[in-house]
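Visitor: Protein chains in written order, with the numbering used here: chain A, 138 to 446; chain B, 20 to 384. The structure follows.
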Amino acid sequence: MSVSRPFSIARWFHRRGWSDLIIGLPYGWLLLLFLLPFLIVLAMSVGSQAPTAPPVGFGGEYPWINPRGYQRLFTDDLYIRSFLISLMNAGLATLLCLGLGYPMALGLTRVAKSWRNILLMLVILPFWTSFLLRVYAWMGLMGKSSWFNQLLTDGWNLLVPVDWAVKSIPMMHSNFAVVLVMVYTYLPFMILPLYSSLERLDPTLDEAAMDLGSRPFRVFLDVTLPQSVPGIIAGGLLVFIPAAGELVIPTLVGDASTPMIGRVIADEFNSARDWPMASAVAVALLVLMVGPTMLYSRYQARAEEGPGK
Amino acid sequence: MAADVEPFLRIEGVSKNFGPFQAVKDVNLTIGKGEIFALLGGSGCGKTTLLRMLAGFEEPSSGRIFLDGQDMTGVPPWERPVHMMFQSYALFPHMTVEKNIGYGLKHERMTAAERTDRVRAMLDLVQLTPFAVRKPHQISGGQRQRVALARALARQPKLLLLDEPLAALDKKLREHTQFELMSIQERTGVTFIVVTHDQEEAMTLADRIAVMDRGAVQQVGPPGEVYEHPASRFVASFLGSISQYEARVLRIEGAEALLDVPAFETPVRATAIPGLVEGEVLTLAVRPEKLAIHRHPPGGPNAIPGEIKDLAYFGKDSLYRVTLPSGQLISVHAVNARRGGEARPDWYDKVWVAFEPAAAILLRG
Ligand SMILES: Nc1ncnc2c1ncn2[C@@H]1O[C@H](COP(=O)(O)OP(=O)(O)OP(=O)(O)O)[C@@H](O)[C@H]1O
Ligand SMILES: [Mg+2]
Numbered sequence: 138m139s140v141s142r143p144f145s146i147a148r149w150f151h152r153r154g155w156s157d158l159i160i161g162l163p164y165g166w167l168l169l170l171f172l173l174p175f176l177i178v179l180a181m182s183v184g185s186q187a188p189t190a191p192p193v194g195f196g197g198e199y200p201w202i203n204p205r206g207y208q209r210l211f212t213d214d215l216y217i218r219s220f221l222i223s224l225m226n227a228g229l230a231t232l233l234c235l236g237l238g239y240p241m242a243l244g245l246t247r248v249a250k251s252w253r254n255i256l257l258m259l260v261i262l263p264f265w266t267s268f269l270l271r272v273y274a275w276m277g278l279m280g281k282s283s284w285f286n287q288l289l290t291d292g293w294n295l296l297v298p299v300d301w302a303v304k305s306i307p308m309m310h311s312n313f314a315v316v317l318v319m320v321y322t323y324l325p326f327m328i329l330p331l332y333s334s335l336e337r338l339d340p341t342l343d344e345a346a347m348d349l350g351s352r353p354f355r356v357f358l359d360v361t362l363p364q365s366v367p368g369i370i371a372g373g374l375l376v377f378i379p380a381a382g383e384l385v386i387p388t389l390v391g392d393a394s395t396p397m398i399g400r401v402i403a404d405e406f407n408s409a410r411d412w413p414m415a416s417a418v419a420v421a422l423l424v425l426m427v428g429p430t431m432l433y434s435r436y437q438a439r440a441e442e443g444p445g446k
Numbered sequence: 020m021a022a023d024v025e026p027f028l029r030i031e032g033v034s035k036n037f038g039p040f041q042a043v044k045d046v047n048l049t050i051g052k053g054e055i056f057a058l059l060g061g062s063g064c065g066k067t068t069l070l071r072m073l074a075g076f077e078e079p080s081s082g083r084i085f086l087d088g089q090d091m092t093g094v095p096p097w098e099r100p101v102h103m104m105f106q107s108y109a110l111f112p113h114m115t116v117e118k119n120i121g122y123g124l125k126h127e128r129m130t131a132a133e134r135t136d137r138v139r140a141m142l143d144l145v146q147l148t149p150f151a152v153r154k155p156h157q158i159s160g161g162q163r164q165r166v167a168l169a170r171a172l173a174r175q176p177k178l179l180l181l182d183e184p185l186a187a188l189d190k191k192l193r194e195h196t197q198f199e200l201m202s203i204q205e206r207t208g209v210t211f212i213v214v215t216h217d218q219e220e221a222m223t224l225a226d227r228i229a230v231m232d233r234g235a236v237q238q239v240g241p242p243g244e245v246y247e248h249p250a251s252r253f254v255a256s257f258l259g260s261i262s263q264y265e266a267r268v269l270r271i272e273g274a275e276a277l278l279d280v281p282a283f284e285t286p287v288r289a290t291a292i293p294g295l296v297e298g299e300v301l302t303l304a305v306r307p308e309k310l311a312i313h314r315h316p317p318g319g320p321n322a323i324p325g326e327i328k329d330l331a332y333f334g335k336d337s338l339y340r341v342t343l344p345s346g347q348l349i350s351v352h353a354v355n356a357r358r359g360g361e362a363r364p365d366w367y368d369k370v371w372v373a374f375e376p377a378a379a380i381l382l383r384g
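Have a look at this one:
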């Protein structure tokens, strides 16, 4: 009987303290590494520039809050413009990732099981090399004298009238380059959630729809697409949110005259040393991103009322 | 048999190979309009594969299928006037019951009002009107099965294929649904092909049964014929229970044959089958309910002595297992028609098992 057993790991483990600790761990992590830094940034955003280190100060009169950062956010059109450019670039990248990723994810569910894991490996293979290295590789490809650029240029010159001919295609340092590299970088984040939601679908549902008179494309619209909406939303958020705040890609391949918001934050922090302003922009970005995330959780909660399948 | 029904579906020499494995072997069937036809067979014998070829999900490796005189080769599933009720129901989880039933109607040329009317009529037919706006996961298994049936019937197919339609239901609901299926078939006049591995279900539902084994059709006929006149040992043992013994023809006396059955140790008489010759070795089979059990030697032919080894008393009837002199067993199913009088045979009683010559089935091969 259990009384005579001197020690049971299971019993010891199931004592309340431990399960509380395990549930509490992720919350503690979020509190320490997300909420706390965010509160610091929030505080800095209402501070004033100061010649100290860090260059933020709280002073003046009660309530010691300086709303200058937020005021400039709405009055200086640099911020509004870069917000809009960020949302546009991120939106475009998300749509392109969806357009490219959906057929790939669908294809993955249709190939033979033995091929599937190899192809999935290929999707995540780029992560094995450094992200920076891959961006530099794209810079090389897009450069004026690269074979890639020359190939595209030759193709262009072949197709258009003579007086439209160009020596090379100006790809680098443009919004086009930013979107292209973002699509390349974030594509796996679209494919993987899409694949996992498509892979769960029951193929006999497709057959049932065909049996009831639907051609394959109709089957896709009526059966496959509606059931993959959770995957589309998850993939969309995983691409859109980091893309909107992206710093490295616009800095390396982008155009300084059409800055994305991440680059503005970095410039305010580093070059202008205006930490309150940078913090205000960061807070605004977070608030903007919370919107779609909330929508997603609402959708998820609703979907979970019904079964996943 | 097949001659008196108007041919509607003709399956001619259809085979299906999956690589080196032949799942369906040279099947020939003719099915009449308005018939309920059952495909009966053990697991993996090719029933689903045959249905999938009728629905158009698989192309036969050889042979052809004609529906209403039209060759179905190369006709895709969405163009066939054939609907299937899937083994797993395959209801669309993101659509309500109503939408599921109306799904196929999108492709019909009909007005919105006609469409709603049809859906309403279907809901009524399967008695699911109160559940019209629920999603499939919000209704019971039996209700889901009825939605699947209504969905398959809504477009008024010429041929309805049902793959183990009742397998997921409990016994009581299954019996109820069997009759419901039959009455729906009567009202709609649609030809049904029902796949099942439950022989009782096949016999209850079907006008005719095809028994399949390892991809090939072994016998086709009305339930009574397949049961009473099985064409092979496989069919005999697949439908109902039966005792089988090796036998050798001693003499042919008119319509009867005298047989030496080593298991019985006494010669027995059986109705002869065409082409029987003296000395031929074949199988004698008798069903338990065709045997009578006696406590004293009966007067007639074919009385075999034995001892009761086992008995199960069910009230209205009893099942006996009798050890024959050779040590082999024979099962006897007797109705307990009398009350009082002579006591029923009991454990280890010496008894005589008797049967009419016509009750014995002679099987070659
Ligand atoms: N796509 C396929 N590839 C290879 N073999 C297959 C395929 N589909 C079916 N088979 C094989 O063909 C045989 C018949 O399968 P089928 O599904 O028709 O059996 P069934 O009679 O419906 O059995 P059950 O009663 O278990 O449903 C099985 O041995 C199965 O393994
Ligand atoms: Mg099957």
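All C-beta atoms, glycine included, are put in the ideal place defined by N, C-alpha and C.
Mind listing the chain A neighbours of PRO96 of chain B? Cutoff is C-beta to C-beta under 8 Å, in chain order.
Guide: GLU344, MET347, ASP348
Visitor: Does the separation of the CB atoms of VAL305 of chain B and PHE374 of chain B fall below 7 Å?
Guide: A Cβ-Cβ contact shorter than 7 Å links VAL305 of chain B with PHE374 of chain B.
Visitor: Output needed for ARG355 of chain A: all residues of its chain with C-beta closer than 8 Å, excluding positions within five of it in sequence on either side, in chain order.
Guide: ALA346
Visitor: Residues in the same chain with beta-carbon distance under 8 Å from ARG137 of chain B, minus the five sequence neighbours each way, listed in chain order, please.
Guide: GLY121, LEU124, MET129, ALA173
Visitor: Can you find a heavy atom of ligand 4 that lies under 6 Å from the Cβ of LYS66 of chain B?
Guide: Ligand 4 is not among the ligands present in this structure, which contains only ligand 1 and ligand 2.
Visitor: Buried or exposed for LEU432 of chain A, going by 16 or more other Cβ atoms inside 10 Å?
Guide: exposed
Visitor: Hey, is SER365 of chain A's beta-carbon within less than 7 Å of any beta-carbon in chain B?
Guide: no
Visitor: Compile a chain-ordered list of the residues in the region 87-112 of chain B whose CB is closer than 7 Å to at least one CB of chain A.
Guide: PRO96, TRP97, HIS102, MET103, PHE105, SER107, ALA109, PHE111, PRO112
Visitor: Can you tell me whether ARG383 of chain B is buried or exposed? The criterion is at least 16 other CB atoms within 10 Å of its CB, across all chains shown.
Guide: exposed
Visitor: Taking 8 Å as the limit between beta carbons, can you name the residues of its chain near PHE105 of chain B, skipping five residues before and five after?
Guide: ALA167, ASP182
Visitor: Does THR266 of chain A have its Cβ less than 7 Å from a Cβ in chain B?
Guide: no
Visitor: May I ask you to list the residues that DSSP assigns as paired with THR215 of chain B?
Guide: Under DSSP, the beta-bridge partners assigned to THR215 of chain B are B:LEU59.
Visitor: If we ignore side chains and look at the alpha-carbon of each, how far apart do ALA322 of chain B and VAL245 of chain B end up?
Guide: 27 Å
Visitor: Closer than 7 Å by beta-carbon distance: list the chain B residues that pair up with THR341 of chain A, in chain order.
Guide: PHE105, SER107, ALA109
Visitor: Label ASN119 of chain B either buried or exposed according to how many other C-beta atoms from any shown protein chain fall within 10 Å of its C-beta, with 16 as the threshold for buried.
Guide: buried
Visitor: Which value, in whole angstroms, describes the spacing of the CA atoms of GLU54 of chain B and GLN175 of chain B?
Guide: 15 Å
Visitor: For SER256 of chain B, does the three-state DSSP call read helix, strand or coil?
Guide: helix
Visitor: With DSSP collapsed to three states, give me the class of ALA297 of chain A.
Guide: Sequence check: residue 297 of chain A is Val here, not Ala. VAL297 of chain A falls in the coil class under three-state DSSP.
Visitor: How would you list, in chain order, the residues of chain A whose beta-carbon sits under 7 Å from the beta-carbon of ALA74 of chain B?
Guide: ASP348
Visitor: Tell me the residue span of the alpha helix (DSSP H) that contains LEU142 of chain B.
Guide: Counting along the chain, the alpha helix (DSSP H) containing LEU142 of chain B begins and ends at 131-144.
Visitor: Could you say which of B:LEU144, B:GLN41, B:ALA362 lies nearest to GLU117 of chain B if we only look at CA atoms?
Guide: Minimum Cα distance to GLU117 of chain B is reached at B:LEU144.
Visitor: Checking contacts by CB at 7 Å: is SER182 of chain A closer than that to chain B?
Guide: no
Visitor: Would you say HIS15 of chain B faces chain A, with C-beta separation under 7 Å as the test?
Guide: Residue 15 of chain B lies beyond the residue range present for chain B, which begins at 20 and ends at 384; the question has no answer from this structure.
Visitor: Is the CB of GLY123 of chain B under 7 Å away from at least one CB in chain A?
Guide: Residue-level contact by beta carbon holds for GLY123 of chain B and chain A, with a gap shorter than 7 Å.
Visitor: Report the option in B:MET114, B:PRO307, B:GLY360 whose CA atom is closest to the CA atom of SER337 of chain B.
Guide: SER337 of chain B has its Cα closest to that of B:PRO307, out of B:MET114, B:PRO307, B:GLY360.
Visitor: Using a Cβ-Cβ cut-off of 7 Å, state whether PRO444 of chain A counts as contacting chain B.
Guide: In this prediction, PRO444 of chain A scores a pLDDT of 47, lower than 50, which makes its location untrustworthy; no coordinate-derived value is stated.
Visitor: State the DSSP-derived secondary structure class of ASN119 of chain B, mapped to helix, strand or coil.
Guide: Looking at ASN119 of chain B - three-state DSSP - the assignment turns out to be helix.
Visitor: Closest Cβ-Cβ distance between LYS35 of chain B and chain A: below 7 Å?
Guide: Taking Cβ atoms only, chain A never reaches closer than 7 Å to LYS35 of chain B, which makes this a no.
Visitor: On the three-state DSSP scale, how would you describe ASP359 of chain A?
Guide: helix
Visitor: Of all the alpha helix (DSSP H) runs that stay within the bounds of the region 41-114 of chain B, which reach a length of 4 or more residues?
Guide: 66-74
Visitor: Can you check which of these residues, A:GLY391, A:SER219, A:GLY368, A:TYR323, is closest to MET308 of chain A by C-alpha distance?
Guide: A:GLY391
Visitor: Flag ARG435 of chain A as yes if its beta-carbon sits less than 7 Å from any beta-carbon of chain B, otherwise no.
Guide: no
Visitor: Of all the options B:PHE56, B:THR196, B:HIS113, which has the alpha carbon lying nearest to the alpha carbon of LEU362 of chain A?
Guide: B:HIS113
Visitor: In the DSSP assignment, find the alpha helix (DSSP H) that holds TRP252 of chain A and state where it starts and stops.
Guide: 250-261
Visitor: Alpha carbon to alpha carbon, how far is ALA393 of chain A from SER305 of chain A? Give it in angstroms, no decimals.
Guide: 21 Å
Visitor: Using only CA atoms, which one of A:TYR273, A:PRO340, A:PHE220 lies nearest to ALA380 of chain A?
Guide: A:PHE220
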